[in-house]
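**Student:** Once you've had a glance at the structure underneath, I'll fire off some questions.
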Amino acid sequence: MTAVIRSLADSLRRFGDDRLEALLLARPDLASPVPKGLGPLAARAAGATSARRALGALTLPELHLVEALAVLDDGSSPADLAAAVSSDPATISPGLERLTTLALVWGEDELHLIRPLREGLRAPAGLAPATPDDPTPAEAERRVDAARETLSEVLETLAWGPSTVEGRGRLAAALQGAGIVVADGEGTLHIPRTVQLALRGGRVHRSHAALRRSPTGPALTESIPGSRSAQAVERAFEALRLLGTVRGFDEDPPGVLRKGGLPQRDLRRLADRAGTSTLNYATVLQSAWQAGLIGHDGQEWHPTRDWDAHRIQPAEQRWAELVLAWALGHHLAAVVGTPDAAGANRSLLSDLTRRDGVRTRRGSLLRALRTCPGLSVEEDSLALSLAWAFPLVPADVIEEETAAVLVEGEALGVLDDGALTVLGQELVLALDEDVTQADARLAGALQEAAPAPVDEVLLDADLTVVVPGRPAERLLPLLDWAEVVSRGGALTLRFSTASVRRALGSGRDAEALLALLESASRSPIPQGLSYLLQDEQRRHGRVQISRATTVLTADPEVLDLLQVAPEASALSLRRLAPTVAVTLSDPGFALQLARTAGLSPQAVGPDGSAAGPELAHSLPGGPVDPDLVTVDGPDLRVPALEAVGRIRAAEAGATDLSVTDRLLEAIAQESEIAIGIVDGRGGVVAKQVHALSLEGGRLRARESGSPEEFTVLVHRVTLG
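Here it is, written out as structure tokens:
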């Protein structure tokens with residue numbers, strides 16, 4: 007015969023290691039620090055703060071079961087619970103099993119909801135709080151039966167609505183006269199809990215949605231086979247192109263708001279310069295920030311030292327890191343520029359776009375989309391599916407995050423027209439893997455879906471250059487020198503005076519461009535292009551800037567012009583020779599001011615050779631979230647399996663329990679314990695008590711034989 011479960015601690019003692027591990031993974035706060043035994047674990051699980059946090063992990067049917075248990079008498083049967091939620095025992099069994107695993111419910115034939123939830127859910131399922139003045143269930147049934155003769159339609163409306171009733175007319179007076187509604191001390195009308203339960207026929211919820219609603223929408227159409235995959239790949243590489251514009255922060259860094267973040271005007275300016283929408287650019291920058299690729303020094307945004315390592319990786323690997331930072335991040339890019347609840351404008355790259363739990367809900371949305379391949383999912387149905395999984399999240403938050411996932415995911419190539427792309431399908435699988443495996447999976451998916459890169463160009467006399475496919479890495483510098491004419495199966499660029507002047511002004515090397523074109527083009531370089539580059543380079547002149555301290559070298563007359571230019575006064579140049587000057591300013595700052603003065607500076611290395619557009623960076627980056635690599639919240643401080651082993655060892659008596667652990671065990675066992683309380687004079691007052699809860703360093707207890715509770719600081723408690 008199975009022993010009766012008498013407490014939550016007894017319930018946990020029946021758990022196998024797998025179930026205990028599942029509990030700690032779902033509620034990691036219970037293992038921080040690792041409790042010394044199952045008794046302390048049970049007491050910690052029954053704490054008010056931890057229990058409220060666990061409610062956020064419940065689905066809609068599980069929340070309905072909790073609300074029903076808070077209304078029913080303690081010790082109700084599974085059959086009574088099933089009837090209360092308009093279901094049957096077999097249907098509610100999986101939800102009840104999970105509530106037991108989460109240590110929110112214990113018992114088999116007699117079910118018990120842990121005390122903080124039973125006492126803390128004041129208005130479950132819209133019912134009014136129970137009061138001593140409520141009529142008995144029999145009296146409530148009598149009132150309802152009597153009122154049905156004249157108020158049947160109204161009673162049907164009131165049954166499943168809120169418990170508070172507004173109105174002062176004849177109908178309100180009739181309801182009050184029938185005892186259906188009563189007035190509280192402030193004159194507000196409400197339906198007593200027992201009366202509303204009678205109106206509902208003894209049920210707490212009208213229906214029980216045991217299964218998650220699948221997102222719906224029309225079937226996907228593809229006029230050209232493979233076009234959706236091709237578009238996903240194109241968007242992935244477009245995101246990388248936008249990410250590459252971060253290198254321009256060295257020369258023209260955006261500012262930092264007083265409370266952190268990127269000013270909206272700078273965001274619009276950068277997006278316009280990159281030739282994309284503000285939302286797409288914000289998504290890429292937000293992901294780069296969360297990956298630690300950009301950061302600020304309090305004044306300006308710059309690439310970080312992680313950027314230096316990131317930019318030399320293959321394109322597929324760079325995209326994998328970017329999209330994982332988005333999927334596992336805590337921020338929303340789609341809300342940038344909108345006001346928050348306090349009316350403050352939410353700026354990009356700031357804590358104002360952070361939202362607790364958003365990455366868990368984002369992962370839930372992506373997994374839901376994977377269950378309906380071949381459908382162009384409608385946003386409303388996707389939001390309803392998310393609301394089932396997170397019933398305590400406000401509806402406006404659900405709608406906002408659903409819309410954000412659809413537009414942000416499209417900017418990164420993982421979503422298209424309300425459906426996962428071939429890259430998005432792999433992202434969902436990567437969410438359940440560690441970072442190394444996830445990176446490899448995503449990089450491999452992009453490499454497999456993308457066409458082979460093209461390493462040659464077609465030059466024309468009208469100064470256009472065509473890349474007949476996806477450009478290889480070494481051809482990407484062409485984007486700095488020319489304007490994009492068209493994208494698609496091929497990339498068409500056109501050189502112009504403005505584009506060449508802009509590239510030279512940004513420190514690009516014309517000789518390096520000519521060498522690239524000579525090696526990549528099968529036809530000779532058009533004479534018009536050579537003349538254009540030479541003329542613009544000669545007109546601008548050249549100033550060489552090294553990171554030595556910083557060192558500037560130029561013809562004497564050029565340095566003379568730079569020294570007297572008002573724009574360069576902040577450099578405080580010191581001439582070491584007619585052709586050499588030094589400044590204590592950063593090389594990036596010197597580059598910027600030299601361009602402002604009308605010159606065309608070029609960054610060079612210590613040996614005088616061209617250093618290229620990339621500078622070395624030392625700035626740390628990111629928000630930086632220490633738990634960015636997790637999906638559902640902070641990691642356990644120790645692996646779950648190890649924590650279970652330590653709890654088992656403590657339960658077997660391998661460790662001595664502290665005062666706190668012994669108090670927690672007494673709480674879990676709901677047994678009396680003898681304690682001593684140190685008074686202000688150093689004396690000890692002995693008491694035999696029922697320990698009720700232990701939170702925030704305070705013990706709440708009730709002395710044996712007394713109904714009154716008291717609270718005492720734990721450090722004043724001694725045990726014999």
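This note's numbering puts the first residue of the sequence shown at 7, with every later residue one more than the last.
Cβ atoms here follow ideal geometry from the backbone N, Cα and C, with glycine treated the same way.
Does E257 get closer than 8 Å to chain C when you measure Cβ to Cβ?
**Tutor:** Given the protein chain composition of this structure (a single chain), no chain C is represented.
**Student:** Under a Cβ-count criterion, where at least 16 other Cβ atoms within 10 Å of its own Cβ denotes burial, should A710 be classed as buried or exposed?
**Tutor:** Working through the sequence shown from its first residue, we reach residue 710 at position 704. A small fix is needed here, since residue 710 is Ser in this sequence, not Ala. Classification of S710: exposed, given that the 10 Å Cβ count is below 16.
**Student:** Using CA atoms only, rank isn't needed, just tell me which of G132, L448, V399, V463 is closest to P477.
**Tutor:** Locating residue 477 in the sequence shown gives position 471, counting from the first residue. Taking only the C-alpha atoms, the option nearest P477 is V463.
**Student:** Apart from the five residues on each side of it in sequence, which residues of its chain come closer than 6 Å, Cβ to Cβ, to A393?
**Tutor:** Position 387 of the sequence shown holds residue 393. So the qualifying residues of the chain are I404.
**Student:** Rounded to the nearest angstrom, what separates Q47 and T666 at their Cα positions?
**Tutor:** As a first step, residue 47 is located in the sequence shown; it is residue number 41 there, counting from the start. As a first step, residue 666 is located in the sequence shown; it is residue number 660 there, counting from the start. According to the sequence displayed, residue 47 carries Leu and not Gln. Cα to Cα, L47 sits roughly 12 Å from T666.
**Student:** Under 7 Å Cβ to Cβ from A74, same chain only, skipping five residues before and after it: list those, please.
**Tutor:** By 1-based counting over the sequence shown, the position of residue 74 is 68. Counting only Cβ-Cβ distances below 7 Å, and skipping sequence neighbours, we find L87, A90, V91, V210, H211.
**Student:** Looking at C-alpha atoms only, which residue of A401, A280, D190 is the closest neighbour of D139?
**Tutor:** For this step, residue 139 is matched to residue 133 along the sequence shown. Taking only the C-alpha atoms, the option nearest D139 is D190.
**Student:** Would a C-beta distance cut-off of 8 Å place V720 and I683 closer than the cut-off?
**Tutor:** By one-based count along the sequence shown, residue 720 stands at place 714. By one-based count along the sequence shown, residue 683 stands at place 677. No, Cβ-Cβ distance for V720 and I683 is not below 8 Å.
**Student:** So, does the segment 347–361 touch the segment 261–280, judging by three or more C-beta pairs under 8 Å?
**Tutor:** Counting Cβ pairs under 8 Å, three or more are found: they touch.
**Student:** How many whole angstroms separate the CB atoms of S229 and H196, which I take to be in contact at a CB cut-off of 8 Å?
**Tutor:** Against the sequence shown, residue 229 aligns to sequence position 223. Against the sequence shown, residue 196 aligns to sequence position 190. With 8 Å as the limit, S229 and H196 do not qualify as a contact, their Cβ atoms being about 59 Å apart.
**Student:** Quick one: measure Cβ to Cβ for A603 and E573, integer angstroms, because I've assumed they're closer than 8 Å.
**Tutor:** Position 597 of the sequence shown, counted from the start, is the residue given in the question as residue 603. Position 567 of the sequence shown, counted from the start, is the residue given in the question as residue 573. At roughly 4 Å, the Cβ-Cβ gap stays under 8 Å, so A603 and E573 are in contact.
**Student:** For P309, count neighbouring Cβ atoms within 10 angstroms of its own Cβ and tell me buried if that reaches 16, exposed if not.
**Tutor:** Counted from its first residue, the sequence shown places residue 309 at position 303. That one is buried.
**Student:** May I ask you to report which of helix, strand or coil DSSP gives T427?
**Tutor:** Sequence index remark: in the sequence shown, residue 427 carries index 421 (1-based). T427 falls in the coil class under three-state DSSP.
**Student:** Would you check if the distance between the CB atom of L203 and the CB atom of L164 is smaller than 8 Å?
**Tutor:** Indexing the sequence shown from 1 puts residue 203 at position 197. Indexing the sequence shown from 1 puts residue 164 at position 158. Not in contact: L203 and L164 (Cβ atoms no closer than 8 Å).
**Student:** Could you tell me the alpha carbon to alpha carbon distance between L108 and I653, rounded to whole angstroms?
**Tutor:** For the purposes of this step, residue 108 is taken as residue 102 along the sequence shown, with counting starting at 1. For the purposes of this step, residue 653 is taken as residue 647 along the sequence shown, with counting starting at 1. Taking the straight line from one Cα to the other gives about 17 Å.
**Student:** Just the Cα atoms here: how many angstroms apart are A60 and S158?
**Tutor:** As a first step, residue 60 is located in the sequence shown; it is residue number 54 there, counting from the start. As a first step, residue 158 is located in the sequence shown; it is residue number 152 there, counting from the start. Using only the alpha carbons, I get a separation of about 40 Å.
**Student:** Counting Cβ pairs closer than 8 Å, one from the segment 342–352 and one from the segment 370–382, do we hit at least three?
**Tutor:** At 8 Å Cβ cutoff, the stretches do not touch.
**Student:** Under a Cβ-count criterion, where at least 16 other Cβ atoms within 10 Å of its own Cβ denotes burial, should Q292 be classed as buried or exposed?
**Tutor:** Taking the sequence shown and counting its residues from 1, one reaches residue 292 at position 286. So Q292 counts as buried.
**Student:** So which of N286, E327, T282 has the shortest CA-CA distance to G298?
**Tutor:** Translated into the one-based positions of the sequence shown, residue 298 becomes position 292. Here the closest residue by C-alpha is E327.
**Student:** With respect to the alpha helix (DSSP H) encompassing T106, which residues constitute its N-terminal and C-terminal limits?
**Tutor:** Along the sequence shown, read from residue 1 onward, the residue named residue 106 stands at position 100. Element bounds for T106: 95–107.
**Student:** Going by the beta-carbon positions, is the gap between V557 and V420 smaller than 8 Å?
**Tutor:** Counting from 1 along the sequence shown, the entry for residue 557 is found at position 551. Counting from 1 along the sequence shown, the entry for residue 420 is found at position 414. Cβ distance not < 8 Å, so V557 and V420 don't count as in contact.
**Student:** Output needed for D115: all residues of its chain with C-beta closer than 7 Å, excluding positions within five of it in sequence on either side, in chain order.
**Tutor:** As a first step, residue 115 must be located in the sequence shown, where it is residue number 109. Result list for D115: S83, in chain order.
**Student:** Can you tell me where the alpha helix (DSSP H) holding G415 begins and where it ends?
**Tutor:** On the sequence shown, position 409 is the one that residue 415 refers to. Where G415 is concerned, the enclosing alpha helix (DSSP H) stretches over 401–418.
**Student:** Flag this pair as yes or no: are the beta carbons of E701 and T55 separated by less than 8 Å?
**Tutor:** Walking along the sequence shown from the start, residue 701 turns up at place 695. Walking along the sequence shown from the start, residue 55 turns up at place 49. Yes, these two residues count as a Cβ contact at 8 Å.
**Student:** So the candidates are L249, R104, L276, K42; which of them puts its Cα closest to the Cα of L29?
**Tutor:** Counted from its first residue, the sequence shown places residue 29 at position 23. Checked all of L249, R104, L276, K42; the closest Cα to L29 is R104.
**Student:** Is DSSP giving G208 helix, strand or coil here?
**Tutor:** In the sequence shown, the residue the question calls residue 208 occupies position 202. Three-state result, G208: coil.
**Student:** Going straight from the alpha carbon of P607 to that of A451, what length do you get?
**Tutor:** Sequence index remark: in the sequence shown, residue 607 carries index 601 (1-based). Sequence index remark: in the sequence shown, residue 451 carries index 445 (1-based). Cα to Cα, the separation comes out at about 41 Å.
**Student:** Consult DSSP for F501 and reduce its assignment to one of helix, strand or coil.
**Tutor:** Sequence index remark: in the sequence shown, residue 501 carries index 495 (1-based). In this structure, F501 counts as strand in the three-state DSSP scheme.
**Student:** Three-state secondary structure (DSSP) at H721?
**Tutor:** Looking up residue 721 in the sequence shown gives position 715. The answer is helix: DSSP assigns H721 an H, G or I state.
**Student:** Let me confirm a value: S13 is counted as buried when at least 16 other C-beta atoms fall within 10 Å, else exposed. Which label applies?
**Tutor:** Stepping through the sequence shown from its first residue, residue 13 is reached at position 7. Result: buried.
**Student:** Using the three-state DSSP reduction, which class does G43 fall into: helix, strand or coil?
**Tutor:** Here residue 43 corresponds to residue number 37 of the sequence shown, with the count starting at 1. Note: G43 maps to coil in three-state DSSP.
**Student:** Tell me whether A96 is buried or exposed, calling it buried when 16 or more other Cβ atoms sit within 10 Å of its Cβ.
**Tutor:** For the purposes of this step, residue 96 is taken as residue 90 along the sequence shown, with counting starting at 1. Exposed is the call here.
**Student:** When the Cα atoms are used, what is the spatial distance from L36 to E27?
**Tutor:** Sequence index remark: in the sequence shown, residue 36 carries index 30 (1-based). Sequence index remark: in the sequence shown, residue 27 carries index 21 (1-based). Cα to Cα, L36 sits roughly 11 Å from E27.
**Student:** Would you say the beta carbon of C378 is closer than 7 Å to some non-hydrogen atom of the ligand ATP?
**Tutor:** Looking for the ligand ATP in the displayed structure turns up nothing, as the structure carries no ligands at all.
**Student:** Going by C-alpha distance, which of A57, T359, S213, L485 is nearest L123?
**Tutor:** The sequence position of residue 123 within the sequence shown is 117, counting from 1. Checked all of A57, T359, S213, L485; the closest Cα to L123 is A57.
**Student:** For V506 versus L499, is the C-beta spacing smaller than 8 Å?
**Tutor:** Taking the first residue of the sequence shown as position 1, residue 506 is located at position 500. Taking the first residue of the sequence shown as position 1, residue 499 is located at position 493. No; because the gap between Cβ atoms is not below 8 Å, this pair is not in contact.
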